[in-house]
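Colleague: Okay, here's the structure, questions in a sec.
Residue numbers (the working numbering): 49 to 203.
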């Protein structure tokens, strides 16, 4: 066992996730106590320089989960009981190995009065998800017209 790469985000890390589990290492997302998430291009020679940070919620960003049908779309959950849906846009194809792209918020919805501590997408039904919060609630969510809004899934 060895450490291949590490970084310090200057805040407590709550969640980390690769963009897909069935391909070579690509992007890594990390959420933090200070309202931010960080994306790293792990194919880069220096992932620290090829990263972006984004304020996502009011308060802690508890989780990040990539949509199984499209690795460029992901949900973050916040300490204020909110969910934010994001889309990553790749940079110019010529530079895709050396530059991180951009993220745009597609939707935001507050579903609880307490922090949302867990979130998961359904592997078979695009847009079907479940989350739980510190208010002791479990919620099943349906995000409609998801594929029309974000484009066709990447294979």
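Every residue, glycine too, gets a C-beta built ideally from N, C-alpha and C.
Can you check whether the CB of residue 151 is closer than 8 Å to the CB of residue 117?
Modeller: Not closer than 8 Å, so no.
Colleague: Ignore the nearest five residues each way along the sequence and tell me which others in residue 128's own chain have a CB closer than 8 Å to its CB.
Modeller: 105, 106, 107, 158 and 163
Colleague: Which residues share a DSSP beta bridge with residue 187?
Modeller: 179
Colleague: Which word fits residue 153, buried or exposed, when buried means at least 16 other C-beta atoms lie within 10 angstroms of its C-beta?
Modeller: exposed
Colleague: Count the other CB atoms within 10 Å of the CB of residue 123; is the residue buried (16 or more) or exposed (fewer)?
Modeller: buried
Colleague: Measuring CA to CA, which of 67, 195 and 161 is closest to residue 87?
Modeller: Taking only the C-alpha atoms, the option nearest residue 87 is 67.
Colleague: Kindly indicate the opening and closing residues of the beta strand (DSSP E) around residue 160.
Modeller: Boundaries for residue 160: no beta strand (DSSP E) harbours it, and the DSSP string shows neither H nor E there.
Colleague: Can you list, in chain order, the residues of its chain with a C-beta nearer than 7 Å to that of residue 113? Leave out the 5 residues immediately preceding and following it.
Modeller: 65, 122, 123, 167, 168 and 169
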